[in-house]
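**Student:** Please read through the structure below; I'll follow up with questions.
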Amino acid sequence: MKKRLFKLLSVCMAVAMLSVLMSACGGSGGSGSPEEGKSTDSSAKEESAAVDDGKPDTSKKVVLNWYLLGDAHADTPKVVAEWNKMLEKDLNATVKLNFTTWNDWQTKYNLLLASGEKVDMLFASSWADFFKFAKQGAFLDLKDLLPKYAPETWKEVPEQDWKDVTIGGKILAVPSTYPEYTPDGLVYREDWREELNAPEITDLDSIEKYLEAVKTVKKVTPIKGKAWNEVNTLFHNYYDFKNIGGDSGVIVAKSYDTPRDVVAYPFTMEFEEWVKRMKTWADKGFWTSNTLSIQQESGDFIKTGTGAVYWRNAPGASGFIADIEKNHREIKKMGYFPFTRFHNYAVPNLGINNGMAIPKNSENPERSLMVLEKLRNDPKYYNLMTYGIEGENYVLNDKGAIVSPPPGKDPKKGYGIASWGWRYSKNEHPSSNRWEGEDKLMEEFKAASRPDIFAPILMDYQPVKSQLAAVNQVYQQFGMPLMMGLVPDVDQALENYRSKLKAAGVDAVLAYVQKEVNAYADEKGLK
């Protein structure tokens, strides 16, 4: 009896122990050792937690390879070192920041995208052939990455800016968020205009009267130096001829209001009228007869009192006038006439006039977007990489404006690199020494703003490459001297110019541009 009871108790204990063991193994689905089951269960819980918190994984340290256009500043290594300390702490990443330099940057930029180098982010712009490279498939689609890895940027970039960088349904860059107006215009000696009792500059006739007064009374060549930009931009803006897809050479849209009306402007009555007028300007000595071979810009002569007019876009004008006010106090007053006043509208730059893109061969696109997110939206990051080291490269005055370099510091300490790709107006600080007329000018542009409908048109010219090259050669050899009035007989020179353009294949180029414009206008619903 005792033996049977002992056996029964032994069986019960064995069953109980087996039950405990099976319970311990429950996470393994009834297979494997207890230790294996415990390990698997723990890993599953950790993985589930990583997914549930919704945060990007930064457990792996990465080194990102970035490129900016232009040149580094002498203090850039120190600035980047501070930046990397912050990045390593916040995102477990560092950036190797490279610069193309401004010396032949276009060739270097092209090679960079064609070489297969593992680049994680680079500056991208409409003026750096963003649309061409986007069409060729050079950039990574960011549409699915942005909401997770750059959520604040995703929410705050205006919808129109995202549309500007969306090609074929793919978002191919992060545009800067800084409404920027860069219309052409003329900087001029306003103190001389008042002294000479010339009319206020409001139109082409008043510009001519001012130039004539400077030449006859002051005995100064008004547009001394390289006068091509002054005359060429004045021509396009006066007649409202719009370049297509950037610089479209002699092919333009006839007007902003008629975007499908594409012409070769040398064959228009407007051009004929213009070159005859420019002949009279050249004969009056508004510029020198060798102006097309001079490399020195007209603004240099204003500073020495031997010039009166200088082409600048609006931000360039502001910087130039601020420099005059600071360093050339003998010049009492400068003025600026933006060409937007000819037709009373202003077109802001596309967001992708400055932006950042991720090449398709990037190894760390997610982390790159996280770094850009910090750079755009965190003032600590933004100030460091845009203005340099506080106290050494800049200080903020009591109005929140940038003083660079700080008082008493070497002028070379004033920091600057091509930081436009992450520019964001909410974090931007104005310069303390900017021209006081700049803010008023920007308000004028904003009140008359229209969207840019021409820059996004993709133009690679491959189908008419040879004709375009021939047309451009004719343009430089015959068109530019004609435009500047540097010909003995305008009618004969005009006839010769048109004939040579025809022989070069201008009609084929015109037909190609017209086709691309029509396709774009159909897609965007333009009239």
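Going letter by letter, the sequence shown gives residues -24 to -1, 1 to 503 in mature numbering (1 follows the signal peptide of the UniProt record, and there is no 0).
Backbone N, C-alpha and C define an ideal beta-carbon position, used for all residues, glycine too.
It should be emphasised that the depicted structure is a prediction, and the values quoted were computed from it without experimental measurement.
1) What residue ranges within the stretch 171 to 200 form continuous alpha helix (DSSP H) runs of no fewer than 4 residues, ordered along the chain?
2) When the Cα atoms are used, what is the spatial distance from Gly273 to Thr280?
3) Starting from Thr34 and walking both ways along the alpha helix (DSSP H), at which residues does that stretch end?
4) Tell me where the alpha helix (DSSP H) around Ala480 begins and ends.
5) What did DSSP end up calling Tyr214 once you bin it into helix, strand or coil?
6) Per DSSP, Glu366 forms a beta bridge with which residues?
7) Output needed for Asn68: all residues of its chain with C-beta closer than 6 Å, excluding positions within five of it in sequence on either side, in chain order.
8) Could you tell me which residues DSSP pairs with Tyr43 in its beta bridges?
9) Please work out which residues of its chain come closer than 6 Å, Cβ to Cβ, to residue 511, disregarding the five sequence neighbours upstream and downstream, and give them in chain order.
10) According to DSSP, simplified to helix, strand and coil, what is Pro427?
11) So, at 7 Å on beta carbons, what are the nonlocal neighbours of Pro291 in its own chain, with the 5 sequence-adjacent residues on each side left out?
12) Would you kindly check if the distance between the Cβ of Gly311 and the Cβ of Tyr164 is under 7 Å?
13) Taking the straight line between their C-alpha atoms, what separation do you get for Phe217 and Asn205?
14) With three or more beta-carbon pairs closer than 8 Å as the criterion, would you say the stretch 79 to 95 touches the stretch 406 to 423?
15) Report yes if the C-beta distance between residue 504 and Leu187 is below 7 Å; otherwise report no.
16) Per DSSP, Leu162 forms a beta bridge with which residues?
17) With DSSP as the reference, label Lys500 as helix, strand or coil.
18) Quick one: what does DSSP say Pro355 is sitting in, helix, strand or coil?
19) Quick check on the burial criterion: 16 or more other C-beta atoms within 10 angstroms. Buried or exposed for Gln449?
20) Measure the C-alpha to C-alpha separation of Phe99 and Lys389 and round it to an integer number of angstroms.
21) Starting from Asp140, follow the beta strand (DSSP E) in both directions and report where the run begins and ends.
22) Can you name, in chain order, every residue of its own chain whose Cβ lies under 8 Å from the Cβ of Lys191, other than the five neighbours on each side?
23) Using a Cβ-Cβ cutoff of less than 7 Å, which residues in the same chain neighbour Glu176 once the five nearest sequence positions on both sides are dropped?
24) Out of Gly501, Pro457 and Trp287, which one is the CA nearest neighbour of Pro242?
25) Does DSSP put Ala333 in a helix, in a strand, or in coil?
26) Return the chain-ordered list of same chain residues with a C-beta closer than 8 Å to the C-beta of Tyr357, the five sequence neighbours on each side being excluded.
27) Should Leu486 and Ala240 be called a contact, given that it needs their Cβ atoms to be closer than 7 Å?
28) Leaving out five residues before and five after Ile143 in sequence, what residues of the same chain have Cβ atoms less than 6 Å from its Cβ?
29) Expressed to the nearest angstrom, what Euclidean distance is found between the alpha-carbon atoms of Phe421 and Leu162?
30) Does the stretch 117 to 125 come close enough to the stretch 244 to 251 to have 3 or more Cβ pairs within less than 8 Å?
31) Do Tyr154 and Ser401 have their beta-carbon atoms positioned less than 7 Å apart in this structure?
32) What is the DSSP secondary structure of Glu273, reduced to helix, strand or coil?
33) Reducing DSSP to helix, strand and coil, say where Thr282 ends up.
34) Per the DSSP calculation, Pro151 is bridged to which residue(s)?
35) Sort Lys503, Gln443, Gly461 and Gly455 by Cα distance to Asp483 and report the nearest one.
36) Taking only the alpha-carbon atoms, compute the straight-line gap between Gly384 and Asn373 and give it to the nearest angstrom.
**Tutor:** According to the structure shown:
1) 180 to 189, all fully within the stretch 171 to 200.
2) Reading off the sequence shown, one finds Glu at residue 273, where the question assumed Gly. Straight-line Cα distance between these residues: approximately 12 Å.
3) It is not in any alpha helix (DSSP H) - Thr34 carries neither H nor E in the DSSP assignment.
4) Val466 to Ala480
5) helix
6) DSSP output for Glu366 lists Tyr370 as bridge partner(s).
7) Thr34 and Lys37
8) Asn74 and Leu98
9) The first residue shown for the chain is -24 and the last is 503, placing residue 511 beyond what the model contains.
10) coil
11) Thr158
12) yes
13) Distance between the alpha carbons of Phe217 and Asn205 is about 15 Å.
14) no
15) Nothing in the structure corresponds to residue 504, since the chain is present only between -24 and 503.
16) Trp287 and Phe313
17) helix
18) helix
19) exposed
20) 24 Å
21) Careful: Asp140 lies outside any beta strand (DSSP E), inside the alpha helix (DSSP H) at Glu135 to Asp140.
22) Thr197, Pro198, Lys260, Gly261 and Phe262
23) Ser182
24) Pro457
25) strand
26) Taken in chain order, the residues that qualify are Trp59, Met62, Lys350 and Leu351.
27) yes
28) Ala110
29) 16 Å
30) no
31) yes
32) strand
33) coil
34) Gly331
35) Nearest option by C-alpha distance: Gln443.
36) So the two alpha carbons sit approximately 14 Å from each other.
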